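Report on one structure; see the data block that follows.
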Amino acid sequence: MLIAADVRQPEGFVSDFLPLATRAFADAGMDLVFKPGAPGFGRVGPSIAVVHFRTMEKAVAFLSSPAFRHAEGVGGKYALIRVYLIDPSAPLVDE
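Quick note: the sequence shown uses our numbering, first residue 43, plus one each step.
Given below as structure tokens:
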């Protein structure tokens, strides 16, 4: 899963959204590949986080969970948030 955020208000994004999102991710048992709070995340402008779920079903369940929906609603006050699902079972393409 790729989460892209175009942050407009970094202070609120970091203080209000990130704790909720981090807790929701931890409760869902996900693996953060690129951690929110790493350099660049939460600054004005585009930022990304990469989250790994073991199955597509777990990712979909997470996106519909009350904890994530609440965090996303709070984050929407401070950033335009877009979520892209990537099927973890899809084969890698060799070039």
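Beta carbons are placed, not taken as given, at the ideal position from N, Cα and C, and that holds for glycine. Values in this document were obtained by computation on a predicted structure and should not be read as measured data.
In terms of alpha-carbon separation, which member of the options lies closest to residue i?
i	options	result
Phe55	Pro130, Gly117, Tyr126	Gly117
Arg50	Asp129, Leu105, Ile123	Ile123
Arg65	Pro88, Ile90, Met98, His112	His112
Ala132	Thr97, Ala103, Asp48	Thr97
Could you check the C-alpha separation between residue i and residue j for me, to the nearest Å?
i	j	result
Ile45	Val92	6 Å
Ala80	Ala121	Confidence at Ala80 is low in this model, with a pLDDT of 49, below 50, so the placement of that residue should be treated as unreliable; the coordinate-derived value is given next. Between Ala80 and Ala121, the C-alpha separation is close to 17 Å.
Ser107	Pro130	20 Å
Ala103	Tyr126	14 Å
For residue i, name the three-state secondary structure that DSSP assigns.
i	result
Ser131	coil
Closer than 7 Å by C-beta to residue i: which residues in its own chain qualify, once you throw out the five before and the five after it? Chain order, please.
i	result
Asp69	Ala109
Phe59	Ala113, Val116, Gly117, Tyr120
Pro88	Ala46, Asp48
Closer than 6 Å by C-beta to residue i: which residues in its own chain qualify, once you throw out the five before and the five after it? Chain order, please.
i	result
Phe95	Met72, Ala101
Exercise for the section: Please list the segments of the alpha helix (DSSP H) lying wholly inside the stretch 95-127, counting only runs of 4 or more residues, in order along the chain. Expected result: Segments of the alpha helix (DSSP H) lying fully in the stretch 95-127: 98-105, 108-117.
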